[in-house]
Amino acid sequence: MEFKLIKFDKLLNELKHNRPLEENLSKIIRDIEIEFDFQSLGIYLKIPSENVFRLKISRNISYTFTKTHIFSHNDELIKELHKFRLLDYKEDKKFKFEKDYAHLLIMPIYFKKELLGFIFMDKKEGFFSDKEISKLRMFASIISLIIKIFVQQNEIEQLTENDEVTGLYTHRAFLARAEYLFSQVIRYHRDLTMVILKIDNYPNLIRLYGNEKTDTLMKKIADILKDDLRYTDIIGRIYTDTFAILMPESPPAKVISAIKRLNTHIMSLPEMKHNKIGWGISGRHDKISDIQEFLHITEEAAFESTRKNEKDNINVVSEEK
Numbered sequence: 004m005e006f007k008l009i010k011f012d013k014l015l016n017e018l019k020h021n022r023p024l025e026e027n028l029s030k031i032i033r034d035i036e037i038e039f040d041f042q043s044l045g046i047y048l049k050i051p052s053e054n055v056f057r058l059k060i061s062r063n064i065s066y067t068f069t070k071t072h073i074f075s076h077n078d079e080l081i082k083e084l085h086k087f088r089l090l091d092y093k094e095d096k097k098f099k100f101e102k103d104y105a106h107l108l109i110m111p112i113y114f115k116k117e118l119l120g121f122i123f124m125d126k127k128e129g130f131f132s133d134k135e136i137s138k139l140r141m142f143a144s145i146i147s148l149i150i151k152i153f154v155q156q157n158e159i160e161q162l163t164e165n166d167e168v169t170g171l172y173t174h175r176a177f178l179a180r181a182e183y184l185f186s187q188v189i190r191y192h193r194d195l196t197m198v199i200l201k202i203d204n205y206p207n208l209i210r211l212y213g214n215e216k217t218d219t220l221m222k223k224i225a226d227i228l229k230d231d232l233r234y235t236d237i238i239g240r241i242y243t244d245t246f247a248i249l250m251p252e253s254p255p256a257k258v259i260s261a262i263k264r265l266n267t268h269i270m271s272l273p274e275m276k277h278n279k280i281g282w283g284i285s286g287r288h289d290k291i292s293d294i295q296e297f298l299h300i301t302e303e304a305a306f307e308s309t310r311k312n313e314k315d316n317i318n319v320v321s322e323e324k
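Next comes the structure, spelled out in structure tokens:
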């Protein structure tokens, strides 16, 4: 167990820093990729306001069902996970995330008997060893801890309407206005576009410039957004590294030029010389049932955009997704 203790002690130490949830999960996924030989892997997390579970981050998934399916508390899988035990399937293909597998592990992610989500991992050939299963349990425990910390931080931050650094709406305030606008757009059949701006590797900015100068940079970015966008657009700083924009009466095709202009202005800031940003753009359509799904889809597009090496850092979500 010596290797495991050293490995997880190092991982816990790195997770002490106040980083975005996606960045911490990506770090864990990278460590899992080193430790395991698997076919596919995914982490589903609970969306509190909807009481459903959506895929948050994944590796090597080819099955479209897995990428798009939303689990509710009525699903048999979620009922099984509420027993808070590992689900281990070999010959019994009761649940699956790929079309075929030899061994599937599904581990609940929970804190004090509250199901926060789950992690699954499967093998196309062969079986996971007892040692690997023990490692997966430890990774699931780490994930549950950082999710709970993230939730508690958000609960504190969302008590106010405006972000203290930028003056923009907080996550809660943005979502409240977005939900109302979303309902009106559906009622009157109008265009609505969601835009997410994600600052890549936010902790690197803090290391380079310190907290005070990084806050000043976030205010500069917020000022650019406020100066360039219309007064009817709703703007929020929904996470430390993420800005959200809701643009009524605008389809995605008509906002791209504005986003390119914003991108140029932001990237011309001296502090952004050694960093990059990613944009996600999606338009509302009939397949999007609520504002949380709308936000989630656009967040994923922005996150994927930051992972690309190409100069084009604007990711427009097609309606088929």
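Plus 3 on top of the position in the sequence shown (first one is 1) and you've got our numbering. All C-beta atoms, glycine included, are put in the ideal place defined by N, C-alpha and C. Since the structure is predicted, the reported quantities are computational estimates derived from the model, not experimental observations.
* **Under the three-state DSSP convention, the category Pro111 falls into** => It is a strand residue.
* In chain order, what residues of the same chain have a beta carbon less than 6 Å from the beta carbon of Ile81, not counting five sequence neighbours either side? -> So the list reads Phe74, once near-sequence residues are dropped.
* Apart from the five residues on each side of it in sequence, which residues of its chain come closer than 8 Å, Cβ to Cβ, to Ser321? -> So the list is empty, once near-sequence residues are dropped.
* **Supposed close pair Tyr212, Glu274 - CB separation, criterion 8 Å** => With a contact defined as Cβ atoms closer than 8 Å, Tyr212 and Glu274 qualify at about 6 Å.
* To do: Following the continuous beta strand (DSSP E) through Phe123, name the residue where it begins and the one where it ends.
  => Membership of Phe123 in the beta strand (DSSP E) is indicated by the continuous run 117-126.
* For Ile109, which of Phe131, Leu298, Lys115, Lys116 has the nearest alpha-carbon? -> It is Phe131.
* How would you label Lys138, buried or exposed, when you count the other beta carbons within 10 angstroms and need 16 or more for buried? -> Here Lys138 is buried. Its C-beta has 16 or more other C-beta atoms within 10 Å.
* For Val188, does the three-state DSSP call read helix, strand or coil? -> Val188 falls in the helix class under three-state DSSP.
* Asked: Is Asp91 helix, strand or coil when you go by DSSP?
  -> Strand, per DSSP.
* Asked: Do you know offhand how far Ile1's Cα is from Ile37's?
  -> Look at the range of the chain in this structure, 4 to 324, and you will see that residue 1 is not part of it.
* Asked: With respect to the alpha helix (DSSP H) encompassing Asn207, which residues constitute its N-terminal and C-terminal limits?
  -> Counting along the chain, the alpha helix (DSSP H) containing Asn207 begins and ends at 205-231.
* Asked: Rounded to a whole number of angstroms, what is the C-alpha to C-alpha distance between Thr267 and Tyr205?
  -> One C-alpha to the other measures close to 19 Å.
* Nearest residue (CA-CA) to Leu228, options Ile50, Ser144, Leu171, Asn77 -> If you compare the alpha carbons of Ile50, Ser144, Leu171, Asn77 with that of Leu228, the shortest gap goes to Leu171.
* Asked: Helix, strand or coil: which one does DSSP assign to Phe130?
  -> It is coil, neither helix nor strand.
* Is it buried or exposed for Tyr183, if we count other Cβ within 10 angstroms and need 16 for buried? -> By the neighbour-count rule (16 or more Cβ atoms within 10 Å), Tyr183 is not buried but exposed.
* To do: Identify every run of the alpha helix (DSSP H) within the region 16-84, keeping only runs that are complete inside it and at least 4 residues long; order them along the chain.
  => Counting only runs of 4 or more, we get 24-38, 67-71, 79-84.
* Can you tell me whether DSSP reads Pro251 as helix, strand or coil? -> Three-state DSSP puts Pro251 in a strand.
* To do: State buried or exposed for Leu265, treating a residue as buried only when at least 16 other CB atoms are found within 10 Å of its CB.
  => By the 10 Å Cβ count, Leu265 comes out buried.
* **With 16 other Cβ atoms within 10 Å as the buried cut-off, status of Lys257** => The residue is exposed, with fewer than 16 neighbouring Cβ atoms inside 10 Å.
* Asked: So, Gly120 versus Phe39, is the Cβ gap smaller than 8 Å?
  -> Not in contact: Gly120 and Phe39 (Cβ atoms no closer than 8 Å).
* Separation of Glu252 from Tyr191, as counted between CA atoms -> Using only the alpha carbons, I get a separation of about 11 Å.
* Measuring CB to CB, does Phe114 end up less than 8 Å from Phe297? -> Taking 8 Å as the Cβ cut-off, Phe114 and Phe297 do not qualify as a contacting pair.
* **Distance, Glu303 Cα to Arg180 Cα** => Cα to Cα, the separation comes out at about 21 Å.
* Kindly list the residues whose CB is nearer than 8 Å to the CB of Arg233, restricted to its own chain and excluding five residues on each side of it in sequence; keep chain order. => The answer, listed in chain order, is Met250.
* To do: Would you grab the beta carbon distance between Lys99 and Leu107 for me? Rounded to a whole angstrom, and I think it's under 8 Å.
  => Their Cβ separation, rounded to whole angstroms, is 7 Å, which keeps Lys99 and Leu107 in contact under 8 Å.
* **For Lys311, three-class secondary structure by DSSP** => Reduced to three states, the DSSP call for Lys311 is coil.
* Candidates Arg33, Lys290, Phe41, Arg62: which alpha carbon is nearest Tyr47's? -> Of the candidates Arg33, Lys290, Phe41, Arg62, Arg62 places its Cα closest to the Cα of Tyr47.
* Asked: If Ala305 sits next to Ile199, beta carbons under 8 Å apart, how far is it from one beta carbon to the other, in whole angstroms?
  -> The pair is a contact, with the Cβ atoms about 4 Å apart (cut-off 8 Å).
* Asked: What number of angstroms, rounded off, separates the C-alpha of Lys70 from the C-alpha of Ser43?
  -> Taking the straight line joining both Cα atoms gives about 12 Å.
* Asked: Under a Cβ-count criterion, where at least 16 other Cβ atoms within 10 Å of its own Cβ denotes burial, should Pro51 be classed as buried or exposed?
  -> By the 10 Å Cβ count, Pro51 comes out exposed.
* **Through-space distance from Val319 to Gln155, alpha-carbon basis** => Spanning the alpha carbons of Gln155 and Val319 requires a straight line of approximately 32 Å.
* To do: Determine the direct distance from the alpha carbon of Lys93 to that of Gly129, and round the result to whole angstroms.
  => Distance between the alpha carbons of Gly129 and Lys93 is about 10 Å.
* Asked: With 16 other CB atoms within 10 Å as the buried threshold, where does Gln295 fall?
  -> With 16 or more other Cβ atoms within 10 Å, it is buried.
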